[in-house]
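The opening residue of the sequence shown carries number 3 in the working numbering; numbering runs sequentially from there. A virtual CB, placed ideally from N, CA and C, is assigned to each residue, including glycine.
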Amino acid sequence: MLTSLTLEQGIDRNIITIPSNTPVTEAITAMSQVRASCILVVEQHQLVGIFTERDVVKVTASQMPLEQLNISQLMTADLVTLKLTEIINTFSVLSLLRQHSIRHLPIVDNQGYPVGIVTPHSIRQVLKPTDLLKLRLVAEAMTTKVIYMPATISVFEISQIMAKNRISCVVIAKEGEHKQRATEEKLGDNLAKTFSSSSTKSPIPIGIITERDLVQFQALGLNLSQTQAVEVMSTPLLPILTSQSLWDAHERMHRHRIRRLVVVDDCGLLAGILTQTNFLQALDPNEMYLTIQTLQQQTEKQTAQLKQINKHLQEEVAQRWQVEEALRKAQECLEQKIQTRTVQLAEANVRLRQEIKERKNSEASLRESQEQFRVTFEQAAVGIVHVGTKGHFLRVNSKFCDILGYTLEEMLSLNCQSITHPDDLETELEYIRRMLVGEIKAYSFEKRYIRKDGSYVWTNMTTSLAHHTSGEPKYFIAVLEDISDRKGVESALRQSESKFRAIFDQTFQFIGLLQPDGIVLEVNKTALDFAAIQLADIVGRPFWQAPWWQLSPQTQQQLQAAIAQAASGEFVRYPVNLWGAGDRTITIDFSLKPVKDETEQVVLLIPEGRDISEIKQAQAKIQQLNETLEQRITERTAQLEAANKELEAFSYSVSHDLRVPLRAMHGFSNILNRRYSSQLSPRAKHYLERIEVNTKKMSHLIDDLLTFSRLSRQPLHKQWVDMMAIVREVFQELDEQQARREIEIEMTNLPPCQADPALLHQVWINLISNALKYSSQRKIAQITLGCKSNKNRLVYYIKDNGVGFDMRYSHKLFGVFQRLHTEEEFEGTGVGLANAQRIIHRHGGCIWAEAKINQGATFYFTLEGDSAIDQQLGEQFSRSSAD
3 MLTSLTLEQG
13 IDRNIITIPS
23 NTPVTEAITA
33 MSQVRASCIL
43 VVEQHQLVGI
53 FTERDVVKVT
63 ASQMPLEQLN
73 ISQLMTADLV
83 TLKLTEIINT
93 FSVLSLLRQH
103 SIRHLPIVDN
113 QGYPVGIVTP
123 HSIRQVLKPT
133 DLLKLRLVAE
143 AMTTKVIYMP
153 ATISVFEISQ
163 IMAKNRISCV
173 VIAKEGEHKQ
183 RATEEKLGDN
193 LAKTFSSSST
203 KSPIPIGIIT
213 ERDLVQFQAL
223 GLNLSQTQAV
233 EVMSTPLLPI
243 LTSQSLWDAH
253 ERMHRHRIRR
263 LVVVDDCGLL
273 AGILTQTNFL
283 QALDPNEMYL
293 TIQTLQQQTE
303 KQTAQLKQIN
313 KHLQEEVAQR
323 WQVEEALRKA
333 QECLEQKIQT
343 RTVQLAEANV
353 RLRQEIKERK
363 NSEASLRESQ
373 EQFRVTFEQA
383 AVGIVHVGTK
393 GHFLRVNSKF
403 CDILGYTLEE
413 MLSLNCQSIT
423 HPDDLETELE
433 YIRRMLVGEI
443 KAYSFEKRYI
453 RKDGSYVWTN
463 MTTSLAHHTS
473 GEPKYFIAVL
483 EDISDRKGVE
493 SALRQSESKF
503 RAIFDQTFQF
513 IGLLQPDGIV
523 LEVNKTALDF
533 AAIQLADIVG
543 RPFWQAPWWQ
553 LSPQTQQQLQ
563 AAIAQAASGE
573 FVRYPVNLWG
583 AGDRTITIDF
593 SLKPVKDETE
603 QVVLLIPEGR
613 DISEIKQAQA
623 KIQQLNETLE
633 QRITERTAQL
643 EAANKELEAF
653 SYSVSHDLRV
663 PLRAMHGFSN
673 ILNRRYSSQL
683 SPRAKHYLER
693 IEVNTKKMSH
703 LIDDLLTFSR
713 LSRQPLHKQW
723 VDMMAIVREV
733 FQELDEQQAR
743 REIEIEMTNL
753 PPCQADPALL
763 HQVWINLISN
773 ALKYSSQRKI
783 AQITLGCKSN
793 KNRLVYYIKD
803 NGVGFDMRYS
813 HKLFGVFQRL
823 HTEEEFEGTG
833 VGLANAQRII
843 HRHGGCIWAE
853 AKINQGATFY
863 FTLEGDSAID
873 QQLGEQFSRS
883 SAD
């Protein structure tokens, strides 16, 4: 049985904890840096949630804006936990994981604070029944239902598949030669395929993408929608055959530090996948209990046999005593000698048995000690080596081989000095010399080794010397830890510090660092040069005593008050004059920003100052120009108001004075036609008809001009307008004029908008009339009306199959009296499109046209509205159009 003490060794205590207000992007970055499968959320020393790799997959698939979310919004708050004191054994923990279908079980102390976490991987590190693993095949434990995808699929689509199917990985494969019977699920332009044993021909695996990979991609900020699987998948694969044992799979996972293996058959075709969970399922507690029971039965059987042997031995001894007694009676003369000899033999026999027993116990203890040493040596998380006094390797563990990239056989053929960095060789030789002469017993230092690929790896090495019983040096024992990552971080920190110092000193702004009480810690070069002082002149002194603030006592007092305010946690900002070398004075935009620790205590103040002297001068000039401009605007407004009044008077005059003679001309021509028609010659009748037609045309022209002049003054009454209803109403009004024509009208969805319904009605009257008029020469007129979304703005349009126009003259379309066709071809006043443009402009929109000669024309227009509503309508319209 595995006790709770053994299981404690399988608790992963290297956990990451964060507060609940941590941004999701920071949490993902933290998981990526330490390659953690989960992160624990702690609030007030209590575990409140967990965020796992599977959660990263879900949020990636949902395309949520990670930059705007905290971890508390995405974590799993409904937790299953286990107190450290409640652990019974490994099997009880396994049952808890299976009961709740979870892969992460937080372990907490009696106060509810997390002390570690149990996962299938950590349990597998403790639960290693070697015989069971060697007896079970991969084919017996693997999962045969595997989802695989082509290499061209995007990583974002893969995250959607993983989230939907609640799986931890997707295999990237290429199709086999025969048709698949795999289950296919439509996802965009790709098919998610689920492999099962019913396939006539399995796919060929070429890579794999896991939950941990998605965490890395999120941390790197990749565009997952634009990234194909072939660019980032884990390859080459390390597949395992179905015929191999679970022990082989365990060794491969441990050696390559992976948590799942792709399983292939003898032909290299996909057969399944093997995970940590499969291992735990293979190590069935019932089967282990049965194995233990069998061992106990064998032990009891052997014990019974030993008792039987002892019984026989005792019987033989008794028989021997009987023989001796008979001999004693038969040979009384020799009784004393025989008795003495028998006692001596008995004592020797007892001593011999005791020695044999002690030797067996010693051998058993030695075997146990050797096994413990072997396990510790081979499975240690650090490199361990035994090096001879001549520098050759005697024994190395697998971790040391992994660090340097050599196989065990290659390592044993190398000399220690040959793979030591030249710069570290002299230092180590000096340490060895001192150890051999007895000056030191051990030494530690950061040493660089040369890897098989020629690169250098940093290690933290501790070395001691083993001796023979005679006291002579036997071999060196070295323990090494790979610290390359730490060295990389240290190098990055040094570079970051160098960049920060360069930016800090070279910026044009004045920047510094203060204690909360105002004592100067740091000031950049720009500020020091301005006052012609050195950093040593002011470090450790109150900030307000620095030369910059010596213009007046009021300036110093104001600064002291600002420091006290910032020390309480407030951001302070105000303009102030500073003194500089050569009695130079400038105005700066000064601010004090408090820096707080995790307990919300202010630990630093950051003073910043930006020279705004030129800005102040420019503001004064702008103020003066604004005053002058306002005066000119006032004068111009008065002039425009006077001109508008004159225009209104002129419009009324045109409306009244021109209509009277027109009505007279029209009326008298009608009288002549009715009363004297029989007396008039055909030419005279023709002249009368021309008079009537032109008086009507002149009347329409006056109406259009008056409408055009009133459009700029007519108030807008905006409301929600049903665009479809207005268009249908316009077609009904024009129906009588087009009764004898064959017209095909196609009208798609026209979303509602905010506009003046009367003016919008006038726009559609002009546009639809134009479309009907310029398509009148077609046998079948085709009119199309619709709407499309462009940058979340609704664009309405009307298209015809009429005569069109030359786009070189499109700039004349919306001018008053501008015509692109002769009046003999198409009648009209030339004011309609000008009216439409003025109405659209008054609504804050725009109108334009596209056309080709004899291929029709299309008119477009937009209307200004609430941007948020327009965006929502645009998105809805785009979705409905796509559907």
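Could you check what DSSP says for residue 776 in three-state terms: helix, strand or coil? helix
Classify residue 811: buried if its beta carbon has 16 or more other beta carbons within 10 angstroms, exposed otherwise. Under this definition residue 811 is an exposed residue.
Starting from residue 844, trace the alpha helix (DSSP H) both ways and give me its first and last residue. 834-844
What is the DSSP secondary structure of residue 450, counted as helix, strand or coil? strand
For residue 485 and residue 599, I'd like the C-alpha separation in whole angstroms. Distance between the alpha carbons of residue 485 and residue 599: 29 Å.
Indicate the three-state DSSP secondary structure (helix, strand or coil) for residue 813 in the structure shown. helix
In whole angstroms, what is the alpha-carbon distance linking residue 350 and residue 343? 10 Å
Figure out for me which residue from 140, 171, 135, 145 has the closest Cα to the Cα of residue 151. 171
Secondary structure at residue 418, three-state DSSP: helix, strand or coil? helix
Euclidean distance between Cα positions of residue 52 and residue 59: 14 Å
Residue 394 - DSSP class collapsed to helix/strand/coil: strand
CB contact flag (residue 216, residue 156, <8 Å): In this structure, residue 216 sits away from residue 156, with a CB-CB distance that is not shorter than 8 Å.
Nearest residue (CA-CA) to residue 213, options 738, 261, 95: 261
In the structure shown, what three-state DSSP assignment does residue 536 receive? Coil.
Check the DSSP bridge columns for residue 574 and list the partner residues they point to. 594
Is residue 807 helix, strand or coil by DSSP? coil
Classification of residue 559 by the beta-carbon crowding that lies within 10 angstroms, buried from 16 upward: exposed
At which residues does the beta strand (DSSP E) containing residue 460 begin and terminate? 458-469
Taking only runs that begin and end inside the stretch 216-287, name each unbroken beta strand (DSSP E) of 3 or more residues, in chain order. 262-266, 272-277
Can you list the alpha helix (DSSP H) stretches of 4 or more residues lying completely in the stretch 85-126, in chain order? 92-102
Rounded to the nearest angstrom, what separates residue 407 and residue 452 at their Cα positions? 10 Å
Residue range of the alpha helix (DSSP H) that includes residue 403: 400-406
Three-state secondary structure (DSSP) at residue 156? Strand at residue 156.
Just verifying my parser: in three-state terms, what is the DSSP assignment at residue 200? In this predicted model, residue 200 has a pLDDT of only 45, less than 50, meaning its place in the structure is not dependable enough to derive any value.
Kindly indicate which three-state DSSP category residue 768 falls into: helix, strand or coil? helix
Residue range of the beta strand (DSSP E) that includes residue 48: 48-54
If residue 68 and residue 114 are in contact, beta carbons under 8 Å, what's the gap, nearest whole angstrom? Not confirmed; about 29 Å, so no contact.
CA-CA distance, residue 734 and residue 758? 20 Å
Just curious, the beta strand (DSSP E) that residue 721 is in, first and last residue? 721-723
Please list, in chain order, all residues of the same chain as residue 250 whose beta carbon is under 8 Å from its beta carbon, the five residues on each side excluded. 140, 242
Less than 8 Å between the beta carbons of residue 767 and residue 785, yes or no? no
Using the C-alpha atoms, what's the distance from residue 838 back to residue 868? In this predicted model, residue 868 has a pLDDT of only 49, less than 50, meaning its place in the structure is not dependable; the value taken from the coordinates is given anyway. Whole-angstrom Cα-Cα distance: 22 Å.
Quick one: is residue 360 buried, meaning 16 or more other Cβ sit within 10 Å of its Cβ, or exposed? Classification of residue 360: exposed, given that the 10 Å Cβ count is below 16.
Can you look up residue 79 in the DSSP assignment and give me helix, strand or coil? coil
Residue 755 and residue 627: beta carbons closer than 8 Å? no
If you measure between the beta carbons of residue 210 and residue 173, is that distance less than 8 Å? yes
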